[in-house]
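> Input: one structure, supplied below.
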Amino acid sequence: MNKELWETIEKFDFDFPVSEYGFSTRLAYENEWTEYFTKKAIEEYKKFMYLATTSNQMVSPSEIVDIVWHQHLIFTQSYTDFCALLGKKIQHIPSTHNKEEQDKFLTAKTHTTAIYESNFGKQPKLFWEYNSFAAALEIEKSKIHFSSIIAIGLLTLLILVVLFRVVLYDVFVTIDNPIFLIMYVSLGIIFYLFLNIYNEITIGKNRKQIVSNEIIKNLTASELIYLKTNQLKVVIHGYVNYLLVEKKLKITDSKEIIKSNRGKKLDSILENCILDSFDSKSSVKYSHLLMVLLSKPIFSKIPKAANTIKEAINFSKENIKLFLFNYMFTVLFLAIGLTRLIIGLGRNKPVMYLVLLLVLALYLSFLFLKKTWNIMIYKGIPDYFKNEIIPKSKAEFSDWEWNYFLNGIALLSAAFIPIANTYTSSNYFSGCGTSCGSSCGSSCGSSCGSSCGGGCGGCGS
10 MNKELWETIE
20 KFDFDFPVSE
30 YGFSTRLAYE
40 NEWTEYFTKK
50 AIEEYKKFMY
60 LATTSNQMVS
70 PSEIVDIVWH
80 QHLIFTQSYT
90 DFCALLGKKI
100 QHIPSTHNKE
110 EQDKFLTAKT
120 HTTAIYESNF
130 GKQPKLFWEY
140 NSFAAALEIE
150 KSKIHFSSII
160 AIGLLTLLIL
170 VVLFRVVLYD
180 VFVTIDNPIF
190 LIMYVSLGII
200 FYLFLNIYNE
210 ITIGKNRKQI
220 VSNEIIKNLT
230 ASELIYLKTN
240 QLKVVIHGYV
250 NYLLVEKKLK
260 ITDSKEIIKS
270 NRGKKLDSIL
280 ENCILDSFDS
290 KSSVKYSHLL
300 MVLLSKPIFS
310 KIPKAANTIK
320 EAINFSKENI
330 KLFLFNYMFT
340 VLFLAIGLTR
350 LIIGLGRNKP
360 VMYLVLLLVL
370 ALYLSFLFLK
380 KTWNIMIYKG
390 IPDYFKNEII
400 PKSKAEFSDW
410 EWNYFLNGIA
420 LLSAAFIPIA
430 NTYTSSNYFS
440 GCGTSCGSSC
450 GSSCGSSCGS
460 SCGGGCGGCG
470 S
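Written out as structure tokens, the structure reads:
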């Protein structure tokens, strides 16, 4: 291995010059990747370009690496500087998609794996085996569609009502009010307590497998805060509060925010992005600042990646099973009440209290099922970080972002809390959102790279 060349490649900064929509931000935003996945994908791209530079045979990037490569080509000056550093001009040429090329690219892929392992060790499967970020989450998708579950539940409800009406008619008519209402409410409470215990146990089992994934295990504090609250505003509150504490911003007597031009200079692109949203002298209402920051990709990339994770978890095999279990108990509970209502109407009995109770039960059932549907996202994963990951390595999770994730609103300054709460929903920190390509480079000799699945390629000289 050419250690000098590799160390030079490692040090190359794709985000230079600094910009709020720089290379990493754009890569994460457009592909809906987490911060960790973006960082590691860039590292794998650097390794691939090292192989393309040093190999005398064609090499082939993975789908993920090829995405990084495609974007780097858009950053023309950075790509030119990078090729100058490599000592070779690596050009990216579209594939002809000819079937005759297939064997050539398969050979290139095998060769790439061999020389990668000889230089860097085993290829990480997240970036070399999976073709997308969603696939790299390694979450098994359910084969049952959500709409099918709803339809099954409604059909089951109808069948149960008819069955109870025929089989249990004598039981229903022998229970007078208010005894039935008391028993029905008690049954609802028993079901609720049982399902909560069952859900806690099931979530405890399921989340260990989910959090074992490298991407989930390396979520940032901001990404976890968004998963927990489903509000990007809450993430922004934390950064604005930090700038207030650092005396880079201050709150005026009219409760507006103004840039103070005090305190030490900050290195964070994200925090400087907030400061750049201010004019040098004028103050702004926090509602306006929020609107500006919510539209900036450096912030909006967070929900893009988080929503991909949420979708993968929500429609996973295990989550669908959990939801279906809760859904069936809810259907059973509602079926009992509806059967009582139908029998009461047929016997000309007063049913007003039962109707009101059923309306309330239907509303609470909807809220409960909605909570159950998202329980792994807003509770399972965040709680695992709080109770299992962070306590084992407190020094690693000691900065203000992780403290904000752990403590929520309690970490905000007293002057800022009323302002932040004004623009935050009531669930603040609570649970209730073969195409191929090639690249070749030559200095004294030649080297090649192909993209099996990337749909493009290139040659260098």
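10 is the number of the first residue of the sequence shown in the numbering used here; add one for each residue after it. Here a beta-carbon is modelled for each residue, glycine too, at the ideal position from N, C-alpha and C. Quick caveat: nothing in here was measured; it's all calculated off a predicted structure.
1) Provide the residue span of the alpha helix (DSSP H) that contains lysine 516, from first to last.
2) Helix, strand or coil, according to DSSP, for isoleucine 184 in the structure here?
3) Quick one: what does DSSP say leucine 14 is sitting in, helix, strand or coil?
4) Using the beta-carbon count (16 or more within 10 Å), is arginine 35 buried or exposed?
5) Would you tell me roughly how many angstroms separate the C-alpha atoms of asparagine 328 and aspartate 75, rounded to the nearest one?
6) Leaving out five residues before and five after methionine 300 in sequence, what residues of the same chain have Cβ atoms less than 7 Å from its Cβ?
7) Let me know the secondary structure DSSP gives isoleucine 219 once reduced to three states.
8) Hey, how far is the Cα of proline 241 from the Cα of glycine 346?
9) For threonine 348, which residues in the same chain have their Cβ closer than 8 Å to its Cβ, ignoring the five residues on either side in sequence?
10) Cα separation between serine 407 and methionine 10?
11) Measuring CB to CB, does valine 244 end up less than 9 Å from leucine 258?
12) Within the same chain, show all residues whose beta-carbon is closer than 7 Å to that of glutamate 147, passing over the 5 residues directly before and after it, in chain order.
13) Please return the same chain residues whose Cβ sits closer than 6 Å to the Cβ of glycine 247, not counting the five positions on each side in sequence.
14) According to DSSP, simplified to helix, strand and coil, what is serine 325?
15) For a test of the three-state rule: what should DSSP assign to lysine 131, helix, strand or coil?
16) Measure the C-alpha to C-alpha separation of phenylalanine 84 and cysteine 282 and round it to an integer number of angstroms.
17) Taking C-alpha atoms, which residue in Phe57, Gly417, Leu333, Val68 lies nearest to tyrosine 207?
18) Using the three-state DSSP reduction, which class does glycine 446 fall into: helix, strand or coil?
19) Is there a Cβ of chain B sitting closer than 9 Å to that of glycine 353, yes or no?
20) Please state the DSSP three-state secondary structure of lysine 20.
21) Tell me the residue span of the alpha helix (DSSP H) that contains leucine 82.
22) Do tyrosine 295 and tryptophan 409 come within 9 Å of each other at the CB atom, strictly closer than that value?
23) Let's see if you can read the secondary structure: which residues bound the beta strand (DSSP E) around isoleucine 260?
24) Are threonine 43 and leucine 228 closer than 9 Å when you measure CB to CB?
25) Look at the alpha carbon of serine 69 and the alpha carbon of isoleucine 418, and state the distance between them as a whole number of angstroms.
26) Could you check what DSSP says for isoleucine 267 in three-state terms: helix, strand or coil?
27) Taking the C-alpha atoms as reference points, what is the distance between glycine 389 and lysine 403?
28) Would the region 113 to 127 count as touching the region 54 to 69 if we require 3 or more Cβ pairs under 8 Å?
29) With distances taken between CB atoms, is the gap from asparagine 205 to tyrosine 362 smaller than 9 Å?
30) Quick check on this structure: which residue in Gly31, Tyr393, Phe342 has the alpha carbon closest to the alpha carbon of glycine 213?
31) Among the residues of its own chain, which have a CB less than 7 Å from the CB of serine 71, if the five just before and after it don't count?
32) Whole angstroms are fine: how far does the CA of phenylalanine 46 sit from the CA of asparagine 416?
33) Tell me, which residues are paired with valine 243 by DSSP?
34) Closer than 7 Å by C-beta to arginine 216: which residues in its own chain qualify, once you throw out the five before and the five after it? Chain order, please.
35) How many Å lie between alanine 314 and alanine 50 at the Cα?
36) Short of 6 Å in beta carbon distance, which residues of its chain neighbour lysine 230, apart from the five on each side in sequence? Order them along the chain.
On the basis of the data shown:
1) Because residue 516 is not part of the residues shown, which for the chain are 10 to 470, the question remains open.
2) coil
3) helix
4) buried
5) 32 Å
6) none
7) helix
8) Position check: residue 241 holds leucine in this sequence, whereas proline was assumed. So the two alpha carbons sit approximately 40 Å from each other.
9) Leu169, Val170, Phe173, Arg174, Leu177, Phe181
10) 37 Å
11) no
12) Asn222
13) Tyr413
14) strand
15) coil
16) 21 Å
17) Leu333
18) No answer about glycine 446 holds up, because its pLDDT of 37 lies below 50 and its placement is not dependable.
19) Checking the listed chains, one finds no chain B in this structure; it contains a single protein chain.
20) helix
21) 72 to 83
22) no
23) 258 to 260
24) yes
25) 49 Å
26) strand
27) 20 Å
28) yes
29) no
30) Tyr393
31) Phe136, Trp137
32) 26 Å
33) DSSP lists no partner for valine 243.
34) Met385, Gly389, Ile390, Tyr393
35) 14 Å
36) Here residue 230 turns out to be alanine, not lysine, going by the sequence shown. Contacts found: Glu410, Trp411, Phe414.
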